[in-house]
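Please read the structure below before turning to the comments.
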Amino acid sequence: MTDLIADLEARNLIHDSTDREALRQSVAAGPVGIYYGCDPTADSLHVGNLIGLVVLRRFQDAGHQAIALAGGATGMVGDPGGRSEERNLLDQETLDHNVARIKGQLGRIVDLSDPARGILVDNRDWTEPITVLEFLRDVGKHVTVNQMLARESIKVRIESEHGISFTEFSYMLLQANDYLHLHDAHGCSIQIGGSDQWGNIISGVDLIRRKRHAAVHAFSWPLLTASDGSKLGKTTGARTWLDPEKTSPYALRQHFVQTADDDVRQQLLTFSLRPIAEIEEIAAAHLEAPQRREAQRTLAHDVVSLVHGEGAAVAAADAADLLFTSDPTGASEEAFDVLAGEIPSSRIAAGDVGDPVATLVATGLASSNGDARRGLDQRAFSVNGAKMDEGTDLAVVERLHGRYLLLRKGKKSHHLVEVFS
RNA sequence: GGGCGAGUACCCAAGUGGCCAACGGGGGCAGACUGUAAAUCUGCUGGCAUACGCCUUCGGGGGUUCGAAUCCCUCCUCGCCCA
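Residue numbers (this note's numbering): 51 to 471.
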């Protein structure tokens, strides 16, 4: 990559930045340390964090040092941005657990095996030892409350009915101190984050300029929103996680396959490591024949491959093909073996198969007997491709390959039942 | 410390003694239409029950009443104002 910054600009991944020319020259001049931080508020990263990780990856591929920061300390305090109420504080034990899990997920996207290429740090390591007095003198002295109050994230909270605690108010100082530490200890000179982080990021840049008289850089990407305005990865319902235990590779694939036409080009630019020219070709082909969903398929493949590996991406694609494009009753036994590993599945004794309501609840496709009955009423469920009703006796439904029942709710939820005797 | 106000289901929010499992909106799920898209229209959205109905729920606890989300007491949490 001759000009990484230009590439990112073309991908619409730069929203705000410090002096653009200085940033460009710094990146072009040689390897730099670049840092992206996320707070371990859950035991898994989600697709919202993926942008940062992919940007780190792009820098790493260009020979720079990626610094992934797990915010063990800031996670204890809570970022006031983007919410109207105080966070619930997490305890040490939970944070430890979360950081450990996140490290595994991170390591697949960003190479952490060679410290010169990438490292994972936890800001508790340098934040915990600082005393309150040191912090107030060394960090607090360099920042005016006036500036802090001017930040959008703070302003919003002050005007909200719940207000903001001093704890969360202090968050940006901790993050500023992180950047200072990484600058001193690792020579880090770029910080990145979503545009909602810009205030916090700039605080760090200012702090370093005041204390070290050094000009460091930063940029943010536009907060990813779907064309319907919802915040990606934070859809009210189920989040899409990077941990395969929480969101299977198949489910992750489905999340991206279902991307809206209007969003798919931008998402490819954001998440795919393919060159821009190739993505533009795919986008152009997609405009010609959107119903083929080739762009969505490419996007889904690239993301799953990045997060879980090529093998998982292919397996997830095969499972999806079986469920959506071909007749499940004609699928081979081997295909079902694979499918069982990709979609939710369960084993049920032959004697327990019969009543559709009980079976639907047992598989989790319905949340309660009432939910199952409502769904059956609305003809939402099918077994082996045939619609079910309350009278369907699953015991007499012919099992595929002698042992499988493929249950479906709506168009998108599947569950494979293996019947044993 | 004092005064005022608020806490309702996933979220916002109506309801101020029975017609309340609780208006409305959002979100979610499903059906029709489709391309595993969007838009649109329709249905559903506490649990048990085929059903009559029963049970649990309106910040926590206690009370008044035949009957409470609604009235009283108390506690907790939060906001605004005064000190």
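Here a beta-carbon is modelled for each residue, glycine too, at the ideal position from N, C-alpha and C. As the structure is a prediction and not an experimental result, all values here were calculated from the model.
| Query | Result |
| --- | --- |
| Nearest-angstrom Cα separation, counted from residue 306 out to residue 392 | 16 Å |
| Backbone CA spacing between residue 207 and residue 199 [nearest angstrom] | 10 Å |
| Alpha carbon of residue 345 to alpha carbon of residue 311, nearest angstrom | 9 Å |
| Coarse secondary structure for residue 462, derived from DSSP in three states | coil |
| Residue 110 beta carbon less than 7 Å from that of residue 167 | yes |
| Proximity below 7 Å, CB of residue 83 to CB of residue 244 | no |
| Those runs of the beta strand (DSSP E) which lie wholly inside the region 152–224 and span at least 3 residues | 168–172 |
| CB of residue 94 within 7 Å of CB of residue 293, strictly | yes |
| Those runs of the beta strand (DSSP E) which lie wholly inside the region 311–348 and span at least 3 residues | none |
| Neighbourhood of residue 258 by C-beta distance below 7 Å, restricted to the same chain and skipping five residues each side | 229, 230, 233, 264 and 266 |
| Separation of residue 435 from residue 301, as counted between CA atoms | 20 Å |
| Rounded C-alpha distance that separates residue 371 from residue 361 | 15 Å |
| Limits of the alpha helix (DSSP H) - the one that residue 75 falls within | 70–79 |
| N- and C-terminal bounds of the beta strand (DSSP E) containing residue 303 | Segment 299–307 is the alpha helix (DSSP H) holding residue 303; no beta strand (DSSP E) there. |
| Separation of residue 185 from residue 86, as counted between CA atoms | 23 Å |
| Inter-residue Cα distance where the pair is residue 54 and residue 354 | 24 Å |
| Residue range of the unbroken beta strand (DSSP E) whose run includes residue 270 | 267–271 |
| Cβ-based neighbour list, residue 99, same chain, cut-off 6 Å, excluding 5 preceding and 5 following | 88 |
| 7 Å Cβ cutoff met for residue 145 and residue 122 | yes |
| Which of helix, strand or coil DSSP assigns to residue 244 | strand |
| Environment of residue 58 [buried if 16+ CB atoms lie within 10 Å] | buried |
| Alpha carbon of residue 277 to alpha carbon of residue 296, nearest angstrom | With a pLDDT of 47 at residue 277, under the threshold of 50, the predicted position of this residue should be treated as unreliable, though the coordinate-derived value follows. Taking the straight line joining both Cα atoms gives about 26 Å. |
| Residue(s) in a DSSP beta bridge with residue 83 | 115 and 238 |
| Residues that DSSP places opposite residue 469 in a beta bridge | 398 |
| Sequence-distant residues of its chain with Cβ nearer than 6 Å to residue 280 (five each side left out) | Caution is warranted here: a pLDDT of 43 is assigned to residue 280, below 50, making its placement in the model unreliable, and the coordinate value is therefore given only provisionally. Within the same chain, residue 280 has no close Cβ partners at all. |
| Alpha-carbon spacing of residue 161 relative to residue 119, whole angstroms | 14 Å |
| Top-ranked residue by Cα proximity to residue 459, from 446, 445, 447 and 427 | 427 |
| Limits of the unbroken alpha helix (DSSP H) element including residue 433 | Run containing residue 433: none in the alpha helix (DSSP H); it sits in the beta strand (DSSP E), 431–433. |
| Residue(s) in a DSSP beta bridge with residue 67 | 269 |
| Distance between beta carbons of residue 322 and residue 352, contact taken as under 8 Å | 4 Å |
| Bridge partners - residue 120, DSSP secondary structure assignment | 88 and 172 |
| Contact test: residue 97 Cβ vs the ligand COA heavy atom, cutoff 6 Å | This structure lacks the ligand COA, and indeed carries no ligand of any kind. |
| The alpha helix (DSSP H) enclosing residue 440, as first and last residue numbers | Run containing residue 440: none; DSSP gives neither H nor E here. |
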